[in-house]
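**Q** Going by our numbering, the first residue of the sequence shown is number 29, and it counts up by one from there.
Beta carbons are placed, not taken as given, at the ideal position from N, Cα and C, and that holds for glycine.
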Amino acid sequence: MKKSLFVITFASFIGGLAHATNSCTGATYYDAATDTCIACPTGYDYNKDAGKTSINQCQIQCDGGTYVKNPGAAVPPGYTPLEYLMTTGTQYIDTGITADVTTKVDMDVSFGSVSETYVIIGTRKGSNITDENVFQWGALVNKTFNRFGMGGVSGDQIYADTLYSVHIEDGLQTVKNGADIIATTNFEYNPNMDTAGTLYMFCTHDTTTSDGTNFFAPTNTYIKNLQITKGGAVVRNFIPAKNSSNVIGMYDTVSGNFFENQGTDSFMAGPIIDSCSNVGVGYWAAASTVNFGSVGTRNACPIGTYSSINNGVSVADCLDCTGATYNDEPAAATCKVCPAGYVHNTTAGKTSINQCQIHCNAGTYIEIPGVTSGYTRVEYIQNAAGTYINTGIIPDIDGIDDVEMNIRYYCNTTSSNYIFQSRATSGGQIYGLSGSSSGATILGNWNSNSNGQRIQSTIKRVVGHVYNLNLRLYDGTMTLHVIDETTGEESIGSINYTWSVPQSPFGIFGNTGGNRIATGNRVYSAWIKVGGQYVMYYVPVTNNGIAGFYDTVSQTFKGATAGSLTAGTVLQNDTQCINVGAGYYAPESTVNYGSVGTRNACPVGLTTVGYGHGADSANDCGRTLHVGDNVLYMRKNKETSPAIHIQMENGDMFYVNLSPTNHNISKLHLWHNGGEYTAYDDSLFYNERDFITGAQTTP
């Protein structure tokens with residue numbers, strides 16, 4: 029009998045083995061637990077090879093332009109896996125698990141909204157400070173929130189309608205948005221956790237209330253998966269699903285039980301995840317075969333391209349951005365439009381806003397560069413008392429004799445002025461704008477112990493006026509050009525200097541040494557060049573409502589280092605080229621978005637007519653000739669014949685070009701060989717004055 033029993037048992041083993049490897053044919057696989065062949069999940073019937081021993085060998089075939097968005101979940105026949113389970117605010121599930129110090133939770137969850145009382149999973153034993161919120165995870169006024177023990181800990185902000193991955197283990201809670209960790213918070217163990225009620229999903233299990241529930245999750249909160257580990261073992265692995273009766277709930281692969289709603293009304297079901305989905309706009313995918321439990325692959329259209337169809341089958345379905353458009357992000361459904369005015373570059377496939385270009389005619393340039401998207405341009409930034417911004421810039425000028433700095437500001441005080449300055453912590457070098465009530469003093473190299481080099485502006489600071497200040501160190505000479513933009517008055521000066529390096533970074537509205545300007549002053553722009561290259565260029569912006577400056581050189585935001593700032597009127601980014609300004613010239617140029625144009629300064633004492641409009645070379649720099657109340661502009665080059673020739677004491681020649689027709693009625697009249705000529709403002713060559721009336725026109 030023993031021999032016979034042995035033979036039968038061995039034969040059964042051989043038969044079972046043969047059954048496992050050979051008997052399951054078509055779209056079925058062998059399940060060792062039941063010793064039977066089980067049909068592959070719905071849709072996963074592509075692999076019909078015999079002998080499949082795992083559900084993961086079941087396959088689905090996706091056509092080009094489609095992919096498996098969510099992996100198939102291992103639910104038994106009769107259940108349909110769902111992408112997520114969503115609540116209307118009155119449903120909950122009792123997990124049947126009590127929490128202890130070894131409890132771990134992993135879940136992917138999205139809040140429908142956030143409030144102090146919303147909870148995703150939790151249990152609560154009592155209402156006193158040592159018992160409450162024994163184990164609870166939810167939201168606290170837009171912040172991540174957990175209470176595992178006494179009290180609660182809040183972390184960085186979370187928002188509604190955003191999917192987060194939450195991991196809670198060993199006194200630490202980690203919350204991720206994709207791959208980015210947005211919050212990491214600690215909690216403390218409460219011994220009462222061991223005797224509290226079971227954990228509820230979508231609400232807190234409050235053992236002190238009659239129905240055992242409170243603090244429900246808000247409407248439209250959903251969970252994609254939830255796993256609970258206790259004592260090192262997985263005790264619940266919940267998968268959203270619906271049963272054969274279309275009841276929506278959570279299937280637990282550990283216990284094999286289906287957990288239904290124990291509140292009122294019904295859960296809402298997410299999409300069924302047993303089929304291929306369109307890749308969506310901005311993506312493409314070739315035909316593919318995907319195993320059950322795996323996700324398919326879709327490919328993002330590269331930067332510089334887009335796809336407006338949701339079923340692209342190859343990268344050829346990603347089209348280049350053409351004309352004045354670009355894309356700086358992959359997987360784009362449309363192209364971004366270049367800022368107004370920056371339409372010169374129509375090359376296809378632009379991958380950055382900085383490849384958008386504007387064409388500036390001779391004598392014009394871009395003064396303020398466009399600001400990277402995400403920031404809002406404003407007219408100015410205004411300070412409060414005690415405010416300053418540390419730019420972090422100490423120009424490296426060792427061996428370089430070409431340093432230029434510029435600031436446009438609104439004056440609201442006649443007291444000591446530290447609008448743009450570098451200073452040692454105690455005394456030492458100062459470089460920038462300072463002074464007293466008598467006027468704006470521009471300080472180059474100044475030492476508190478030895479008075480040093482400085483230029484005194486003849487323009488007093490007038491409250492309510494806007495000034496444009498330019499300070500340049502070149503070839504051993506320090507030059508100052510100040511324009512009172514409110515009155516048009518100019519002040520120019522120069523001295524020789526011996527330079528020494530600033531000992532602290534430049535500050536706006538003050539310096540790192542503790543000096544601060546009074547409240548109510550404004551800065552419209554500030555920049556520093558070293559060796560002809562910008563080392564900083566500040567543009568007033570707001571960043572998520574916070575006022576400050578965007579530095580187009582470092583591409584970073586600079587807010588207040590101390591104090592507070594307010595923003596002026598919202599502006600559009602520069603969309604047109606402007607005149608280079610009196611005393612400057614610029615050749616015709618093409619400028620990328622985010623860059624400033626280049627203008628060249630005339631030698632000290634020379635200027636350009638018509639605020640520099642049309643001036644494209646050093647020959648456009650000249651002097652002015654005063655005749656009575658009239659001012660004639662003299663150019664370095666001779667444009668007409670005849671012309672008035674003026675020779676300076678040093679031998680330099682300048683020319684007053686004469687009008688070829690007798691039309692200018694307000695200038696000096698000359699007669700030559702029986703003909704009448706009119707000396708005129710040379711800007712007529714650039715259509716800045718009307719030939720008939722001599723009136724100023726808009727460039």
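Please state whether DSSP places D293 in a helix, a strand or coil.
**A** The residue given as residue 293 occupies position 265 in the sequence shown. D293 falls in the coil class under three-state DSSP.
**Q** Per DSSP, which one or two residues make a beta bridge with A610?
**A** For the purposes of this step, residue 610 is identified with residue 582 of the sequence shown, where counting begins at 1. DSSP output for A610 lists no bridge partner at all.
**Q** Looking at A315 and G92, is the spacing between their C-beta atoms short of 8 Å?
**A** Here residue 92 corresponds to residue number 64 of the sequence shown, with the count starting at 1. Here residue 315 corresponds to residue number 287 of the sequence shown, with the count starting at 1. Contact flag set, yes.
**Q** Can you tell me which of the three DSSP states T343 falls into?
**A** As a first step, residue 343 must be located in the sequence shown, where it is residue number 315. With the sequence shown as reference, residue 343 is identified as Val, and Thr is not the correct amino acid for it. It is helical.
**Q** Measure the alpha-carbon distance for K153 versus S193 and round it to whole angstroms.
**A** As a working note, residue 153 is residue 125 in the sequence shown. As a working note, residue 193 is residue 165 in the sequence shown. Straight-line Cα distance between these residues: approximately 27 Å.
**Q** Who are the Cβ neighbours of S141 in its own chain at under 7 Å, not counting the five residues just before and after it?
**A** Taking the first residue of the sequence shown as position 1, residue 141 is located at position 113. Result list for S141: A188, P246, in chain order.
**Q** Please confirm whether E407 and P568 have their CB atoms less than 8 Å apart.
**A** Against the sequence shown, residue 407 aligns to sequence position 379. Against the sequence shown, residue 568 aligns to sequence position 540. Yes.
**Q** Beta carbon of T505, beta carbon of N524: below 8 Å?
**A** Taking the sequence shown and counting its residues from 1, one reaches residue 505 at position 477. Taking the sequence shown and counting its residues from 1, one reaches residue 524 at position 496. Taking 8 Å as the Cβ cut-off, T505 and N524 qualify as a contacting pair.
**Q** Is the number of C-beta pairs between the region 103-112 and the region 347-363 that are closer than 8 Å three or more?
**A** In short, these stretches do not touch, since the Cβ pair count stays below three.
**Q** What's the C-alpha gap between F295 and T333?
**A** As a working mapping, residue 295 is identified with position 267 in the sequence shown. As a working mapping, residue 333 is identified with position 305 in the sequence shown. So the alpha carbons of these two residues sit roughly 41 Å apart.
**Q** Evaluate the contact criterion for the region 201-212 versus the region 94-105: three or more CB pairs, one atom per stretch, below 8 Å.
**A** Short answer: they don't touch.
**Q** Going straight from the alpha carbon of T130 to that of D239, what length do you get?
**A** Translated into the one-based positions of the sequence shown, residue 130 becomes position 102. Translated into the one-based positions of the sequence shown, residue 239 becomes position 211. Rounded to the nearest angstrom, the two C-alpha atoms are 28 Å apart.
**Q** Using a C-beta cutoff of 8 Å, does T636 count as contacting chain C?
**A** The question asks about chain C, but that chain is absent: this structure has only one protein chain.
**Q** Using a Cβ-Cβ cut-off of 6 Å (strictly less than) and excluding sequence neighbours within five positions of N475, which residues of its own chain qualify?
**A** Against the sequence shown, residue 475 aligns to sequence position 447. In this prediction, N475 has a pLDDT of 38, which is less than 50 and means its spatial position is unreliable; nothing more can be read from the coordinates.
**Q** Going by DSSP, what residue range makes up the beta strand (DSSP E) through T505?
**A** To locate residue 505, count along the sequence shown from 1; it is residue 477. Per DSSP, T505 belongs to the beta strand (DSSP E) from 505-512.
**Q** When the Cα atoms are used, what is the spatial distance from S522 to R544?
**A** As a working note, residue 522 is residue 494 in the sequence shown. As a working note, residue 544 is residue 516 in the sequence shown. Distance between the alpha carbons of S522 and R544: 27 Å.
**Q** When DSSP labels each residue in this structure, what does M221 get in the three-state scheme?
**A** If you number the sequence shown from 1, residue 221 lands on position 193. Note: M221 maps to helix in three-state DSSP.
**Q** Between which residues of its own chain and T441 is the CB-CB distance below 6 Å, once the five residues before and five after are set aside?
**A** Here residue 441 refers to the residue found at position 413 when the sequence shown is read from its first residue. For T441, where only same-chain residues beyond five positions count, the Cβ hits under 6 Å are A546.
**Q** Can you list, in chain order, the residues of its chain whose CB lies under 6 Å from that of V323, leaving out five sequence neighbours each side?
**A** Sequence index remark: in the sequence shown, residue 323 carries index 295 (1-based). Result list for V323: V96, P99, in chain order.
**Q** Pull up the distance between the alpha-carbon of V608 and that of N665, whole angstroms please.
**A** Mapped onto the sequence shown, residue 608 falls at position 580. Mapped onto the sequence shown, residue 665 falls at position 637. So the two alpha carbons sit approximately 19 Å from each other.
**Q** If we count Cβ pairs, one from each stretch, closer than 8 Å, do we get three or more for the region 196-203 versus the region 260-277?
**A** Touching, no.
**Q** Exposed or buried, which one is P367 when buried takes at least 16 other CB atoms within 10 Å?
**A** Translated into the one-based positions of the sequence shown, residue 367 becomes position 339. Its Cβ being crowded by 16 or more others within 10 Å, P367 is buried.
**Q** By Cβ distance, which residues of its chain are closer than 7 Å to T379, with the 5 residues on each side in sequence left out?
**A** Position 351 of the sequence shown, counted from the first residue, corresponds to residue 379. Within the same chain, T379 has close Cβ partners I331, G332, Y354, N355, D356.
**Q** Do F230 and F244 have their CB atoms nearer than 8 Å?
**A** For the purposes of this step, residue 230 is identified with residue 202 of the sequence shown, where counting begins at 1. For the purposes of this step, residue 244 is identified with residue 216 of the sequence shown, where counting begins at 1. In this structure, F244 lies closer than 8 Å to F230 by Cβ.
**Q** I'd like the list of long-range same chain contacts for Y279, defined as Cβ closer than 6 Å, with 5 residues on each side in sequence excluded.
**A** The sequence position of residue 279 within the sequence shown is 251, counting from 1. These residues qualify, in order along the chain: V103, Y107, I267, A269, F286.
**Q** On the three-pair Cβ rule with 8 Å, is the region 118-127 touching the region 305-319?
**A** Cβ pair count under 8 Å is below three, so no.
**Q** Excluding the 5 residues flanking Q290 on each side, which residues of the same chain have their C-beta closer than 7 Å to its C-beta?
**A** For the purposes of this step, residue 290 is taken as the residue at position 262 of the sequence shown. Within the same chain, Q290 has close Cβ partners Y120, I121, D122.
**Q** So, under 8 Å CB-CB, Y613 and D644 are touching, yes? Tell me the CB distance rounded to an integer number of Å.
**A** The residue labelled residue 613 in the question sits at position 585 within the sequence shown. The residue labelled residue 644 in the question sits at position 616 within the sequence shown. Right, their Cβ atoms sit about 6 Å apart.
**Q** If you measure between the beta carbons of Y228 and T151, is that distance less than 8 Å?
**A** Locating residue 228 in the sequence shown gives position 200, counting from the first residue. Locating residue 151 in the sequence shown gives position 123, counting from the first residue. Yes.
**Q** Rounded to whole angstroms, what's the CA-CA distance from A359 to S342? Just pull it up for me.
**A** Looking up residue 359 in the sequence shown gives position 331. Looking up residue 342 in the sequence shown gives position 314. Spanning the two alpha carbons is a distance of roughly 13 Å.
**Q** Which same chain residues end up closer than 7 Å to N271 when comparing Cβ atoms and leaving out the 5 residues on each side of it in sequence?
**A** Numbered from its first residue, the sequence shown carries residue 271 at position 243. Taken in chain order, the residues that qualify are G106, Y107, F286.
**Q** Give the range of the beta strand (DSSP E) segment to which S582 is assigned.
**A** By one-based count along the sequence shown, residue 582 stands at place 554. Where S582 is concerned, there is no enclosing beta strand (DSSP E), given that its DSSP letter is neither H nor E.
**Q** Please identify the residue among T392, N539, P219, P670 whose C-alpha is closest to the C-alpha of I421.
**A** Residue numbering aside, residue 421 sits at position 393 when the sequence shown is read from its first letter. Among T392, N539, P219, P670, the Cα nearest to that of I421 belongs to N539.
**Q** Report yes if the CB atom of T404 is closer than 8 Å to the CB atom of T570, and no otherwise.
**A** Your numbering for residue 404 matches position 376 in the sequence shown. Your numbering for residue 570 matches position 542 in the sequence shown. Yes.
**Q** Taking N205 as the reference, give the member of M135, H387, P615 with the closest Cα.
**A** Translated into the one-based positions of the sequence shown, residue 205 becomes position 177. Minimum Cα distance to N205 is reached at M135.
**Q** For N274, count neighbouring Cβ atoms within 10 angstroms of its own Cβ and tell me buried if that reaches 16, exposed if not.
**A** Here residue 274 refers to the residue found at position 246 of the sequence shown. The residue is exposed, with fewer than 16 neighbouring Cβ atoms inside 10 Å.
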